[in-house]
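What follows is a set of notes on a single structure, which appears directly below.
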Amino acid sequence: TAGSNSVAIGANSTDGGRQNVVSVGSDTQQRQIINVAPGTQGTDAVNVNQLTQVQTTLSTALSGQQTQINTLGSQLQQTDQMARQGIAAATALTMMPQVEPGKTINFAVGVARFAGESGMAFGASAHVSTNGILKLGIGMSGNNKTYGAGYGYSW
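For the record, in the sequence shown the residue sitting at position 143 is 185 according to the numbering used here, with numbers rising by one throughout.
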């Protein structure tokens with residue numbers, strides 16, 4: 043059964059009963075349509091050159107996106123490592139003992155480990171008055187350093 047408003051071109055070509063189609067072959071015998079100009083309107087057919095151009099444009103764009111994704115992943119890993127190092131260094135600062143009552147100065151070392159990163163801190167605390175204590179410290183982990191100072195007054 044021929045479809046209405048359909049055309050079948052070539053020997054043994056059939057429209058398979060579909061309406062509003064142009065056929066140049068059949069289910070078992072396909073043909074190429076050659077020398078097709080590039081489509082210019084939304085309902086025009088496209089040729090292989092146009093498809094290749096789209097494929098090249100998309101491949102280039104995707105390659106650029108992949109590079110950006112890889113760069114972002116590396117930056118996130120670096121940021122994660124720096125954060126873990128900072129936590130280890132800051133924790134090491136908190137591990138340093140404070141000057142004991144009745145003493146004037148205390149030099150201290152603190153160490154810590156967090157999520158695979160190690161930190162070390164050096165510092166001092168001193169009674170600077172009867173009721174005041176001053177603390178100074180530096181924490182280190184990897185290539186990162188953190189510095190801190192504090193003063194406490196008790197009564």
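Even glycine gets a Cβ: it sits at the ideal position worked out from N, Cα and C. As the structure is a prediction and not an experimental result, all values here were calculated from the model.
> Which of helix, strand or coil does DSSP assign to Met137?
Replying inline: coil
> Does the distance from the CB of Gly128 to the CB of Ser183 come in under 8 Å?
Replying inline: yes
> According to the Cβ coordinates, are Ser68 and Ser48 closer than 8 Å?
Replying inline: no
> How close, in whole Å, do the beta carbons of Thr188 and Gly194 come, if the pair is a contact with beta carbons under 8 Å?
Replying inline: Thr188 to Gly194, Cβ: 19 Å. No contact.
> For Phe156, which option in Gln83, Asp122, Val63 and Ala44 has the closest C-alpha, if you only look at C-alpha atoms?
Replying inline: Asp122
> By the 10 Å Cβ neighbour count, where 16 or more other Cβ atoms means buried, how is Val96 classified, buried or exposed?
Replying inline: exposed
> Which residues bound the beta strand (DSSP E) around Val151?
Replying inline: Ile147 to Phe156
> Which whole-angstrom value describes the C-beta separation of Ala132 and Val153, a residue pair presumed to lie in contact below a C-beta threshold of 8 Å?
Replying inline: Their Cβ separation, rounded to whole angstroms, is 12 Å, which puts Ala132 and Val153 out of contact at 8 Å.
>> So, does the stretch 139-150 touch the stretch 159-176, judging by three or more C-beta pairs under 8 Å?
In response: yes
>> So, under 8 Å CB-CB, Leu176 and Val170 are touching, yes? Tell me the CB distance rounded to an integer number of Å.
In response: 5 Å
> Shortest alpha-carbon distance to Thr146 belongs to which of Asn173, Arg126 and Gly115?
Replying inline: Asn173
> What's the C-alpha gap between Thr113 and Ala44?
Replying inline: 58 Å
> Among the residues of its own chain, which have a CB less than 8 Å from the CB of Glu159, if the five just before and after it don't count?
Replying inline: Gln123, Arg126, Gln127, Ile129, Ala130, Ser183 and Gly184
> So, are the CB atoms of Ser65 and Ala87 less than 8 Å apart?
Replying inline: no
> Exposed or buried, Gly52, counting other C-beta atoms within 10 Å across all chains shown (16 or more means buried)?
Replying inline: exposed
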